[in-house]
Amino acid sequence: MTFLFARAPSIRIAPTPPARSISHSVSLSKALPFYLNNLRSTEQNDGKVLRMLMFGKPGAGKGTLSARLVKKYDILSLSTGDLLRQHIAERTEVGRQAEEIVAQGNLLPDDVMLKVVASKLESLNNRHWILDGFPRTLGQGKLLDTHLQIQNAPLSLVVNLDVADNVILSRISDRWVHLPSGRVYNMSYNRPKVDGFDDETGEPLTRRPDDNPEIFSRRLKQFYDSTSPLLAYYASPVNKSTRLVTLQGETSDEIWPQLDTVVRRSFPGIRERASTIAQRRYSLGDPFAMEQEKRAAAGDGPNPSKFLN
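Just so it is clear: in the sequence shown, position 227 is 227 by the UniProt record's numbering, and no numbers are missing.
This is how it looks when you write it as structure tokens:
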């Protein structure tokens, strides 16, 4: 198992270019107003709430690993792209402001993006969450940190997926995407159940137009240029409440056990979803254990599930 708790300034990796959307997300409730100086003095950060960012090169498996965490644990996955579209659809103040900027073909300023994100984060109280799509630059990272510190709810975990460039470049030709959801499949690993079709919807998969070596090399350079300063910032002593963890591997299947261990050990109070617990029980393949489970559910005999990790 290879995972490192990093504080050293020698960070190699860097974030994706300033895209404003994300793949996996939860369904969102109504967009909330933004109050930058709304200090929650009654809420104390005890380091037990997962407030997480994940960085990785294009194709490193960030979306796949985030989705696995959300599927296993009671964690919200927040998409800045979804949040922005929600504000625009609901005609909120920040939504109207963003719509005008987007209509002119411009990127949203950092302060507008912060308002889009913070309006949701402020409603989560002590929920565990993963934020994807923001921050993308050092300036955005500092803005987000300042806001979360004011809310007394600082980031608690930053994960850096360290996958070698040559590994990523060699497998992009095998990648297929379900565009509406952003689900990613790879024909070398993580194949769809039916080749060419999404597991959840059965809709056709497509190739991303930028999945070719020339364009991908440019994306990697942009990634290094923008993310290296951001990761160095999270590794610096100024971020005492945030743990930066670098996970290394060639595939999501290699990295997943490392990520799962980090989350379980760092946040022991995080709850698994009921479907995950049930799946683990019956994957034991032990007829006696399954019979005991059925008897316990019927109120007849002890419940062996309390002994499961």
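In this text, a Cβ means the ideal position worked out from N, Cα and C, and glycines have one as well.
Bear in mind the structure is a predicted one, so any value in this text is a computation, not a measurement.
Worksheet item: Which two residues bound the contiguous beta strand (DSSP E) that contains Ser79?
Response: Ile75 to Ser79
Worksheet item: Val245 and Val159 look like a contact to me (Cβ under 8 Å); what is the Cβ gap, rounded to whole Å?
Response: 5 Å
Discussion item. Going by the DSSP bridge assignment, what does His178 pair with across the sheet?
Written reply: Arg183
Worksheet item: Is the beta carbon of Thr261 less than 8 Å from the beta carbon of Lys72?
Response: no
Practice prompt. Helix, strand or coil for Phe223, going by three-state DSSP, please let me know.
Written response: helix
Fill in: Whether Leu76 touches Trp129 by CB criterion (8 Å)
yes
Fill in: Minimum Cβ-Cβ distance from Ser156 to chain C less than 8 Å
You won't find chain C in this structure, because it holds only one protein chain.
Item to complete: For Ala235, count neighbouring Cβ atoms within 10 angstroms of its own Cβ and tell me buried if that reaches 16, exposed if not.
Response: buried
Practice prompt. Find out if the Cβ-Cβ distance for the pair Ser252, Asn190 is shorter than 8 Å.
Written response: yes
Worksheet item: Mapping DSSP to helix, strand and coil, what is Asp162?
Response: strand
Worksheet entry | Selection from Glu200, Met113, Phe55 and Ser173 that minimises the alpha carbon distance to Phe216 | Ser173
Practice prompt. Specify the secondary structure class of Gly272 as computed by DSSP and reduced to three states.
Written response: It should be noted that the sequence gives Glu, not Gly, for residue 272. Strand at Glu272.
Fill in: At least 3 beta-carbon pairs within less than 8 Å: the stretch 142-162 vs the stretch 48-55
yes
Fill in: Three-way DSSP call (helix, strand, coil) for Val245 in this model
strand
Worksheet entry | Whole-number beta carbon distance between Leu247 and Leu259, since they are thought to touch under 8 Å | 6 Å
Worksheet item: For Gly59 versus Arg175, is the C-beta distance shorter than 8 Å?
Response: yes
Worksheet item: For Leu220 versus Lys57, is the C-beta spacing smaller than 8 Å?
Response: yes
Discussion item. Going by DSSP in three states, Val49 sits in which element: helix, strand or coil?
Written reply: coil
Discussion item. According to DSSP, simplified to helix, strand and coil, what is Val194?
Written reply: strand
Worksheet item: Count the other CB atoms within 10 Å of the CB of Gly139; is the residue buried (16 or more) or exposed (fewer)?
Response: exposed
Item to complete: Grab me the residues of Pro180's own chain with a C-beta within less than 8 Å of its C-beta, minus the 5 sequence neighbours each way, in chain order.
Response: Thr201 and Glu203
Discussion item. Quick check on Leu84: does DSSP put it in helix, strand or coil?
Written reply: helix
Discussion item. Can you check which of these residues, Val263, Val177 and Gln104, is closest to Arg68 by C-alpha distance?
Written reply: Val263
Worksheet entry | Distance, Lys142 Cα to Gln151 Cα | 14 Å
Worksheet entry | Three-state class that DSSP yields for Leu69 in the structure shown | helix
Discussion item. Restricting to Cα atoms, I'd like to know which of Met113, Gly249, Asp132 and Asn239 is closest to Val94.
Written reply: Met113
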